[in-house]
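This report concerns only the one structure given below.
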Amino acid sequence: MAICPSTTSSAQTMSDPGPHLAGWRDVSFRDTNFGRDQLEARVYYPAVATGHNQAANPTNAPFPLVAFMHGWIEPASDYDDFCNHLATWGFVIISNDTELGLFPRMQDQAKDTRSMLQWVEDESATANSWLNGMTANQEWGALGHSMGASAIAYLVKYEPRVRNGVMFEPYSGSLLGNTSNGFSNFIDYDGSLLVVAGSDDLTNNWSVAVRPWYDRADSTNRRVWSLISGSDHFGCTDMAGWNGSLSGQAQHRVHRQLGTAYLMSEMVGDEDRLLDLLDTDYTSFEAESTSTPLWALISPNTPNTITVGSFSREGNRLRVAGSFSTGSTTTIYGDVGIDITTMRIAIDVILGVEGIAELDIPLDAAWIGQTIYFQALADQGLVGDLSTVNQVLLN
262 MAICPSTTSS AQTMSDPGPH LAGWRDVSFR DTNFGRDQLE ARVYYPAVAT
312 GHNQAANPTN APFPLVAFMH GWIEPASDYD DFCNHLATWG FVIISNDTEL
362 GLFPRMQDQA KDTRSMLQWV EDESATANSW LNGMTANQEW GALGHSMGAS
412 AIAYLVKYEP RVRNGVMFEP YSGSLLGNTS NGFSNFIDYD GSLLVVAGSD
462 DLTNNWSVAV RPWYDRADST NRRVWSLISG SDHFGCTDMA GWNGSLSGQA
512 QHRVHRQLGT AYLMSEMVGD EDRLLDLLDT DYTSFEAEST STPLWALISP
562 NTPNTITVGS FSREGNRLRV AGSFSTGSTT TIYGDVGIDI TTMRIAIDVI
612 LGVEGIAELD IPLDAAWIGQ TIYFQALADQ GLVGDLSTVN QVLLN
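Residue numbers (the working numbering): 262 to 656.
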C-alpha cells in the first residue's frame, strides 16, 4: 500500500523559486545514438551557485529529466527565466537550440530533442562528466511552446520514455512540417498531458488551434486543460506581455505555476501540487483521469481547514473518504488502504464537465496531534480506480 507523505500548508507557490540554486550552460555535441549530427542545446540544472557554467549539485539527485522545445525562430535563451525557475524545483532541463531557421520542421525538432535527452542520460552515467549522477534514466517529460508544443506529438511517437507533456499555446497548421500526422497519432498517446491556452492569443487561437490538442489526447491516463484569461501567445517566454490584458509579469507567473505544479505532480509524485495547479490565478480548468489523483493538505488559502480533491472523467462517481487509521480491504477496484469501519465520506458526487471536485473540511480541535488518512475512488459502475492513500498530519 502506497501512502503519500504528510503535508502542511505553505505561503510559497509554485511560481516562486524552489529550494535549489539554478545553473545553466550551453552544450554542443555530436549525436552518437540516433545520427542527428551536431546538436546545440542549453542545459539548466540544480547547481552549487546561481548562474552560467556553475557546477552541478548532485546532493539531492537523481532529478527528473525534461526537455523544452522552442517556438518558431525563438532560441533557447528566450525561455531562460522559465527553465531556470524549473531547475530551482529540482529538474534537469535540456532546451533545444536547433531548427531555428525560417523553415523548420517539428519532426526534426522532436528527433533532435530525443537525442538531447539521451545525451543527458549518457553524461549522467559518465564518471568524469559535469552531469555525473544528476539523472537516473527514469521516464522523461517534455515542455514546448507554440511549434515546440506541437512537436511533443511527434516526440512521444518517436520516444516512448516521454510520458509527461506540457503544451504551451501549441500551433496547428500545414506549416513548420505540418501538424496533421502528429495530431492524427496523438490519440494513441497514453501518458499525462497539460495543455495551456491564452484567451488573448492572436497567434494560436485558443479554441481553433489549441483546444483540439486537448480533445485529441483522449487516451491519456491524465490530462488537464487550462485557459488563462488575458494571456497572449508569449506568456512563457522572457518577453511575456507583448499583448494580452494581463501584465507580462502576471502571464509569466501563471505559466511558471502551471508547468511546475503539473510536473511536480506527475514526475515527482507530489499530487498535493495539483492544488497549486488548480488554484492558479486567472485560469479556468477541465481535467480527466483514468488514474485517480488525490490532494489532501492543510489549506494554504482558508485558515483551519483541510482541502481534499480529485478529478476523473465527466459522469463518473467520485468519492473521497478519510479515517484516523489505515487498513487493507480488497475490492473490485483494488486495495482500500484506510480503515473502512471508521472512515467518513467527505466527497460523493457525480462529476460534471469540468471533471473536478474539491472540498474544504473545517478542522476540529480534537483532531490535533493525529493523522488523517484519505483515499479517493472514481468509478462508473463496476469499472473504477482507487487513488493512493494521502495523509495529513495535524500538529
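In this text, a Cβ means the ideal position worked out from N, Cα and C, and glycines have one as well.
Three-way DSSP call (helix, strand, coil) for Met395 in this model: coil
Supposed contact pair Ser648 and Leu612 - C-beta distance, whole angstroms, cut 8 Å: Between Leu612 and Ser648 the beta-carbon gap is near 14 Å, outside 8 Å, which marks them as no contact.
Close-in-space but distant-in-sequence residues of the same chain around Arg514 (CB under 7 Å, 5 per side omitted): Ser276
Closest by C-alpha distance to Leu555, when choosing among Val381, Gly496, Asn398 and Leu620: Per the C-alpha coordinates, the member of Val381, Gly496, Asn398 and Leu620 positioned closest to Leu555 is Leu620.
Exposure of Ala388, with buried meaning 16 or more beta-carbon neighbours within 10 Å: exposed
Validate contact between the segment 600–618 and the segment 537–550 using beta carbons, cut 8 Å, 3 pairs: yes
Cβ neighbours of Trp503 in the same chain (closer than 7 Å, five flanking residues each side left out): Asp493 and Phe495
Of the residues Tyr305, Leu454, Ile354 and Asp292, the one placed nearest Arg483, counting alpha carbons only: Leu454
Length of the line joining the Cα atoms of Ala386 and Pro323: 11 Å
Contact under 8 Å by Cβ, Gly332 with Met408: yes
Identity of the residue in Met377, His516 and Ala582 nearest Asp298 by Cα: Met377
Short CB-CB distance (under 8 Å) between Gly491 and chain D: The chain labelled as chain D is not found in the depicted structure, where only one protein chain is given.
Identity of the residues DSSP links to Arg580 by a beta bridge: Asp609 and Leu638
Contact set for Asp479: own chain, Cβ-Cβ below 7 Å, skip 5 residues either direction: Ile448
Where Gly452 falls: helix, strand or coil (DSSP): Note: Gly452 maps to coil in three-state DSSP.
Thr274, DSSP secondary structure in three states: coil
Neighbour-count burial assignment, Gly630, 16 or more Cβ in a 10 Å radius: A residue is called buried once 16 or more other Cβ atoms fall within 10 Å of its Cβ, and Gly630, having fewer, is exposed.
Nearest-angstrom Cα separation, counted from Ser526 out to Asn466: 28 Å
Opposing strand residues paired with His406 [DSSP bridges]: Listed as beta-bridge partners of His406 by DSSP are Phe429.
Where Ala371 sits in the DSSP three-state scheme: Helix.
Coarse secondary structure for Ile413, derived from DSSP in three states: helix
Integer Cβ distance of Gly459 from Gly505, believed to fall under 8 Å: 6 Å
Cβ pair count under 8 Å reaching 3, the segment 351–365 against the segment 315–330: yes
Selection from Asp531, Thr320, Arg578 and Thr274 that minimises the alpha carbon distance to Val610: Arg578
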